[in-house]
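Since the structure comes first, as structure tokens, the remarks are kept for the end.
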Amino acid sequence: MRLHEYQAKELFAAYGIPVQRGVVVDRAEDVLTLDLRYPVVLKAQVLVGGRGKAGGVQLAATPEEAREKAARILGMEIRGERVRRLLVVEAARIDREYYLAFVVDRSSRRLTLVASAEGGVDIEEVARRTPERIVKLAVDPALGFHPFHGRWVARRLGLSGPVLGQFAEVSCNLYRLACERDAELAEINPLALCEGRWLAVDAKLVVDDNARPRQPDLPADEETTELERMAREYDLSYVELDGDIAIIGNGAGLVMSTLDMVAHFGGRPANFLDVGGGASTEAMRRALDIVLRKPGVRALFINIFGGITRCDDVARAIASAPPPVPTSIRLTGTNEEEGRRILEQAGIFAFTDPEEAARRAVALARGH
Ligand code: GDP
Ligand code: MN
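No gaps in the numbering here: position 343 of the sequence shown is 1648 in the numbering used here, and each next residue is one more.
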């Protein structure tokens, strides 16, 4: 789960990492009454990177200019995400931009520090063009990350004097935050040097979803949609995509191959839901309700291979509430005859061959 910049910065501040004073607003006129020193920087709060390049980060010298620019940014869509909130901060006078992050490195299975004196820009780009400008240090989890590590990194970045020790302090704090908050990534880009002091001008924090139960005070997850949350409550695994064919299957492997088949025949899944093994009539009813709520669904594809899940249970759910969109069903396995009979009585046809059913689903979505 990714946090917004302002949420990450609240945590940064709690861990002693210096950030600018700022306020979050959701209406342009609210910037007129803020108790902030001008100039300010207006920053779109969206969960995608590269906001600066997209015009989502702007400087304003006066309240009136801030209001105008806030109105413009609040109307923007950045990489598919509508801007609903702005973080307004007192502008920093930046002398130089660095990069600092702790990231879980899966190959070494350690939190790894990544730092560079080429900050503010896309770090992948720096890694590609001038890999020698990047400092890396895999942290031994038993030993932890200590000021002497931080000073070693700082020297490699060419730092000296008081800012060297302060860099070590910032990196220790960021490491502590990353550990205690189960971060997959804790990134400051840029970590800026402003008149001899460090400032986290940007903040990115991605928390391991598996750690949610250990992190009860995290803000609500804004990456999952309303329907995804609803499915989770019923223990159904559901994911949204952006096509027009809703997909229900039983078992993760079957669902994945169903997505592949649909794509193979030129269709685009709107979402997919795995009812799991041993799905009851009730679970199937909920599944139908959830996938069909998604706007823009033009066809439904139900692919069931009965094992522990019984075809008659599935058929009962479909027959009791026939889907309001054109539907293609593939049904085989346990209690298949009974399932088929229930569907036939309701005037619903079911395929046995998954490919035929997939092709039909794609045709239905095209209105054939
Ligand atoms: P991103 O584009 O989503 O990574 O957003 P950032 O918060 O990193 O801002 C993009 C860029 O805007 C930074 O790299 C800075 O160069 C610039 N910027 C952001 N805040 C300030 C500020 O307070 N003062 C100055 N001078 N520049 C800023
Ligand atoms: Mn940034």
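Glycine included, every Cβ here is placed at the ideal spot set by N, Cα and C.
These figures come from a predicted structure and were not determined experimentally.
With H, G and I counted as helix, E and B as strand and the rest as coil, what does DSSP make of residue i?
{"i": "Leu1559", "result": "helix"}
{"i": "Tyr1311", "result": "helix"}
{"i": "Gly1583", "result": "coil"}
{"i": "Ile1428", "result": "helix"}
{"i": "Ile1634", "result": "strand"}
{"i": "Thr1338", "result": "helix"}
{"i": "Phe1472", "result": "helix"}
{"i": "Gln1650", "result": "helix"}
{"i": "Ala1488", "result": "strand"}
{"i": "Asn1576", "result": "strand"}
{"i": "Val1596", "result": "helix"}
{"i": "Lys1374", "result": "helix"}
{"i": "Tyr1480", "result": "helix"}
{"i": "Pro1495", "result": "strand"}
{"i": "Ala1626", "result": "coil"}
{"i": "Asn1608", "result": "strand"}
{"i": "Arg1390", "result": "coil"}
{"i": "Arg1504", "result": "The displayed chain sequence assigns Leu, not Arg, to residue 1504. Residue state, collapsed to three classes: strand."}
{"i": "Gly1455", "result": "helix"}
{"i": "Asp1400", "result": "coil"}
Closer than 7 Å by C-beta to residue i: which residues in its own chain qualify, once you throw out the five before and the five after it? Chain order, please.
{"i": "Met1535", "result": "Ile1595"}
{"i": "Ala1655", "result": "Ile1634, Arg1635, Leu1636, Arg1645, Leu1648"}
{"i": "Ser1413", "result": "Ala1443"}
{"i": "Pro1446", "result": "Arg1415"}
{"i": "Gly1601", "result": "Asp1549, Ala1575"}
{"i": "Gly1566", "result": "Correcting the residue identity first, residue 1566 is Met in this sequence and not Gly. Answer for Met1566: Pro1659, Glu1660, Ala1663, listed in chain order."}
{"i": "Arg1461", "result": "Val1440"}
{"i": "Ala1313", "result": "Ala1508, Lys1509, Leu1510"}
{"i": "Glu1492", "result": "Ala1406, Lys1509"}
Give the C-beta separation of residue i and residue j to the nearest angstrom, bearing in mind that I take them to be a contact with Cβ-Cβ under 8 Å.
{"i": "Asn1555", "j": "Thr1614", "result": "5 Å"}
{"i": "Leu1289", "j": "Leu1541", "result": "Within the shown structure, residues of the chain are numbered from 1306 to 1673, placing residue 1289 beyond reach of any answer."}
{"i": "Asp1617", "j": "Gly1644", "result": "5 Å"}
{"i": "Lys1509", "j": "Glu1545", "result": "Not quite, the Cβ-Cβ distance comes to about 23 Å (not below 8 Å), so this is no contact."}
{"i": "Phe1472", "j": "Ala1488", "result": "Contact flag wrong, Cβ pair sits at about 19 Å."}
{"i": "Ala1366", "j": "Pro1344", "result": "5 Å"}
{"i": "Pro1627", "j": "Ala1604", "result": "Actually they do not touch by this definition, with Cβ atoms about 14 Å apart."}
{"i": "Arg1326", "j": "Glu1402", "result": "About 20 Å separates the two Cβ atoms, so there is no contact after all."}
{"i": "Ala1670", "j": "Leu1597", "result": "The pair is not a contact, with the Cβ atoms about 13 Å apart (cut-off 8 Å)."}
Near residue i, what residues of its chain come up, given a Cβ to Cβ distance below 6 Å and the 5 sequence neighbours on each side ignored?
{"i": "Ala1399", "result": "The displayed chain sequence assigns Ile, not Ala, to residue 1399. Excluding sequence neighbours, Ile1399 sits near Ala1497, Cys1499."}
{"i": "Val1444", "result": "Arg1415, Leu1416, Phe1450"}
{"i": "Ala1683", "result": "Residue coverage of the chain in this structure runs from 1306 to 1673, which leaves residue 1683 outside it and unanswerable."}
{"i": "Tyr1539", "result": "Arg1591"}
{"i": "Ile1428", "result": "Tyr1404"}
{"i": "Asp1513", "result": "Asp1487, Glu1489"}
Between residue i and the rest of its own chain, which residues show a CB-CB distance below 8 Å, the 5 nearest in sequence each way excluded?
{"i": "Val1329", "result": "Tyr1311, Gln1350, Arg1390, Leu1391, Leu1392, Val1393"}
{"i": "Val1353", "result": "Ile1383, Arg1384, Gly1385, Glu1386"}
{"i": "Glu1533", "result": "Tyr1543, Val1544, Glu1545"}
{"i": "Gly1582", "result": "Asn1555, Gly1556, Gly1612, Ile1613, Thr1614"}
{"i": "Gly1571", "result": "Val1667"}
Going by the C-beta, is residue i closer than 7 Å to any heavy atom of ligand 3?
{"i": "Ile1322", "result": "Because ligand 3 does not appear in the structure shown, any question about it cannot be addressed here, the ligands present being ligand 1 and ligand 2."}
Would the region 1451 to 1460 count as touching the region 1378 to 1396 if we require 3 or more Cβ pairs under 8 Å? The region 1451 to 1460, when compared against the region 1378 to 1396, does not touch it at the 8 Å Cβ threshold.
Check each residue's C-beta against every heavy atom of ligand 1 and list, in chain order, those closer than 5 Å. Qualifying residues, in the order they occur: Val1346, Arg1356, Gly1357, Val1362, Ala1396, Ala1397, Ile1399, Gly1425, Pro1495, Val1506, Asp1507.
Check whether the region 1400 to 1413 touches the region 1334 to 1349, taking contact to mean three or more Cβ pairs, one atom from each stretch, closer than 8 Å. With the cut-off at 8 Å, the region 1400 to 1413 and the region 1334 to 1349 do not touch.
Below 8 Å, can you find three or more Cβ-Cβ pairs linking the region 1648 to 1665 to the region 1622 to 1640? These segments touch.
Any chance the region 1367 to 1387 sits against the region 1513 to 1520, with 3 or more Cβ pairs inside 8 Å? Output reads no: the region 1513 to 1520 does not touch the region 1367 to 1387.
Kindly confirm or deny that the region 1315 to 1322 and the region 1476 to 1494 touch, where touching means at least three C-beta pairs closer than 8 Å. Between the region 1315 to 1322 and the region 1476 to 1494, the count of C-beta pairs closer than 8 Å reaches three or more; the two stretches touch.
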